[in-house]
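Beneath this line is the structure, given in structure tokens, with notes to follow.
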Amino acid sequence: MSEKQSTFGPGRYRWVVVALLFLAMVINYIDRQMIGVLKPGYLQPEFGWSERDYANIVTWFQAAYALSYLFFGRFVDRIGAKWGLGIAFTIWTLAHISHAAARNITHFIMVRVLLGVGEGGGFPASIKAVTEWFPKKERALATGVFNAGTNIGAIVTPLLVPFIVVDLAMGWRASFVIVGVATLLWLPAWWLLYTAPRENKHVNAAELALIESDPPDAAGAKMPFMAVLRMRQTWAYALGKFLIDPVWWMFLFWLPDFLSRTRGLDLKSFGIPIVAVYLASDVGSVAGGWLSSRLLSRGRSLASARKTAMFVCALCALPIVFATKVESLWAAVAIISLATAAHQGFSANLYTLPGDVFPRSAVGTVIGIGGMLGGIGGMFFAQFVGQVLQTVGDYTPIFMVCGSVYLLALLVVHWLAPGYKPVEQPTQA
Numbered sequence: 001m002s003e004k005q006s007t008f009g010p011g012r013y014r015w016v017v018v019a020l021l022f023l024a025m026v027i028n029y030i031d032r033q034m035i036g037v038l039k040p041g042y043l044q045p046e047f048g049w050s051e052r053d054y055a056n057i058v059t060w061f062q063a064a065y066a067l068s069y070l071f072f073g074r075f076v077d078r079i080g081a082k083w084g085l086g087i088a089f090t091i092w093t094l095a096h097i098s099h100a101a102a103r104n105i106t107h108f109i110m111v112r113v114l115l116g117v118g119e120g121g122g123f124p125a126s127i128k129a130v131t132e133w134f135p136k137k138e139r140a141l142a143t144g145v146f147n148a149g150t151n152i153g154a155i156v157t158p159l160l161v162p163f164i165v166v167d168l169a170m171g172w173r174a175s176f177v178i179v180g181v182a183t184l185l186w187l188p189a190w191w192l193l194y195t196a197p198r199e200n201k202h203v204n205a206a207e208l209a210l211i212e213s214d215p216p217d218a219a220g221a222k223m224p225f226m227a228v229l230r231m232r233q234t235w236a237y238a239l240g241k242f243l244i245d246p247v248w249w250m251f252l253f254w255l256p257d258f259l260s261r262t263r264g265l266d267l268k269s270f271g272i273p274i275v276a277v278y279l280a281s282d283v284g285s286v287a288g289g290w291l292s293s294r295l296l297s298r299g300r301s302l303a304s305a306r307k308t309a310m311f312v313c314a315l316c317a318l319p320i321v322f323a324t325k326v327e328s329l330w331a332a333v334a335i336i337s338l339a340t341a342a343h344q345g346f347s348a349n350l351y352t353l354p355g356d357v358f359p360r361s362a363v364g365t366v367i368g369i370g371g372m373l374g375g376i377g378g379m380f381f382a383q384f385v386g387q388v389l390q391t392v393g394d395y396t397p398i399f400m401v402c403g404s405v406y407l408l409a410l411l412v413v414h415w416l417a418p419g420y421k422p423v424e425q426p427t428q429a
């Protein structure tokens with residue numbers, strides 16, 4: 001490749017790709033979280049939902065998300081990140097706008113299913129893009145940065161929704177339409193700016209050499225789906241996702257309810273505490289990725305760097321069990337913030353496992369399998385949360401589970417992938 005100058009600065013175009021992925025995750029989580037923000041003061045009173053009704057809406061979304069994650073994982077391995085993410089984004093945005101037409105619980109289930117189908121493609125395509133654009137030593141940091149977009153989306157939502165619904169007095173239905181139409185602007189930017197590194201005129205020779213600095217995959221080798229399923233490393237990732245993803249789902253869909261139920265906050269007043277929680281999550285996402293990348297640069301092995309970072313995050317999640325016991329609102333917010341930051345740091349490192357040990361041609365498939373199990377875990381946990389809140393009315397049992405699963409997930413990863421040994425590629429397609 002000839003030496004080229006980048007209009008975005010020499011050798012840094014890969015971070016433009018991360019910026020696009022970051023924005024996609026911001027939009028993804030705005031679309032995902034709006035129902036949770038609107039539930040306590042608008043949707044639940046208007047439609048008369050019980051806690052189990054709401055849990056069922058969440059469960060149907062997660063069922064669709066889980067199946068879509070698996071499909072899109074394989075799909076993006078075949079068609080690439082550009083088309084994969086573009087198609088997924090289009091589906092979930094149309095589904096988001098369709099919420100405005102919902103008139104009963106069946107309608108909400110239908111549009112949440114469609115939203116789950118689209119959003120199930122977001123992370124497989126994004127991780128695929130990071131694998132294409134970053135060497136292993138930078139992947140955890142790049143993943144942490146784009147994954148921080150999920151937290152920004154969760155920050156923007158409780159500020160944006162009250163502005164549209166209350167300050168502009170446009171109602172909750174209009175909020176879905178306005179947000180959906182506005183975020184469609186991302187799609188043309190993605191089509192114009194994203195290509196494979198070797199095809200991109202803004203990537204100079206030095207940056208391309210960095211991107212391609214890892215040993216290449218075996219020529220022509222692709223892993224059949226059943227071969228991927230047989231790998232212990234697949235299940236290290238997938239079972240880790242099964243254990244930790246439900247915790248994040250719980251915070252996303254029930255944190256506004258927790259603040260309303262236990263602290264008496266409403267749509268106008270729980271925005272700032274939620275912003276604080278997800279700002280801390282952003283710090284955790286980037287810091288978790290930075291920590292393992294830093295340990296790698298100091299000579300630690302890949303397995304040691306990733307697992308050390310995950311262990312630190314797992315310890316930081318433990319205090320969540322005390323969030324219901326403290327009297328101060330801001331003490332509870334601080335404890336929850338530490339837990340969500342820990343989740344994002346842990347997740348940033350877990351997300352790198354497929355790219356660390358699998359050939360690029362199989363990364364999307366592994367991400368899809370893990371996402372499916374994470375969604376299934378979320379379905380079970382949503383039903384557990386709904387049952388506990390309907391019968392006990394207390395978040396303590398829920399938070400006890402949330403605080404303990406990260407150490408268990410790390411033990412599972414260590415057992416199934418002790419040395420992060422790369423998988424052996426088959427010699428035939």
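FYI, the numbering for the sequence shown is 1 to 429, going by UniProt numbering.
Where is the CB? At the ideal position from N, CA and C, for every residue including glycine.
message: So, under 8 Å CB-CB, I152 and G121 are touching, yes? Tell me the CB distance rounded to an integer number of Å.
response: Actually they are not in contact, since the Cβ atoms of I152 and G121 sit about 20 Å apart, beyond 8 Å.
field: Own chain, CB closer than 8 Å to K421, minus 5 neighbours either side, in chain order
entry: So the qualifying residues of the chain are Q233 and V357.
query: What residues in its chain sit with their C-beta under 6 Å from that of R306, if we drop five residues either side in the sequence?
result: S292 and N349
message: Between I91, S126 and T150, which has its C-alpha nearest V111's C-alpha?
response: Just measuring C-alpha positions, the residue of I91, S126 and T150 sitting nearest V111 is I91.
Given 8 Å, three or more beta-carbon pairs between the stretch 377 to 397 and the stretch 246 to 258: yes
field: Beta-carbon proximity list for V203, same chain, < 6 Å, skipping 5 on both sides
entry: Residues Y13 and P197 of the same chain have their beta carbon placed closer than 6 Å to that of V203, with the five preceding and five following residues left out of the count.
query: For the putative contact between W290 and G36, defined by C-beta atoms under 8 Å, what is the C-beta separation to the nearest angstrom?
result: Their Cβ separation, rounded to whole angstroms, is 29 Å, which puts W290 and G36 out of contact at 8 Å.
query: So is I272 buried or exposed if we call it buried at 16+ other beta carbons inside 10 Å?
result: exposed
message: Spatial neighbours of V385 within its chain, please: C-beta separation below 7 Å, excluding the five flanking residues on both sides.
response: Answer for V385: A55, M250, W254 and I398, listed in chain order.
message: Once DSSP output is grouped into helix, strand and coil, what is the label at W248?
response: helix
query: Is L53 helix, strand or coil when you go by DSSP?
result: Note on identity: in this sequence residue 53 is Asp, with Leu being the wrong assignment. Correct three-state label for D53: helix.
message: As an exercise, report each continuous alpha helix (DSSP H) stretch of at least 4 residues that is fully enclosed by the stretch 43 to 109, in chain order.
response: 44 to 47, 51 to 79 and 81 to 98
L141 versus F22, Y278 and I336, residue with shortest Cα-Cα distance: F22
- request: Report buried or exposed for N147, applying the criterion of at least 16 other Cβ atoms within 10 angstroms of its Cβ.
  value: Counting Cβ neighbours within 10 Å, N147 comes out buried, since at least 16 surround it.
task: Kindly give me the distance between the Cβ atoms of D266 and G41, rounded to whole angstroms, as I take these residues to be in contact under 8 Å.
output: 5 Å
task: Please classify N151: does DSSP put it in a helix, a strand, or coil?
output: Secondary structure of N151 (DSSP, three-state): helix.
query: Do you know offhand how far residue 486's Cα is from A280's?
result: A query on residue 486 cannot be resolved here, the shown segment of the chain reaching from 1 to 429 and no further.
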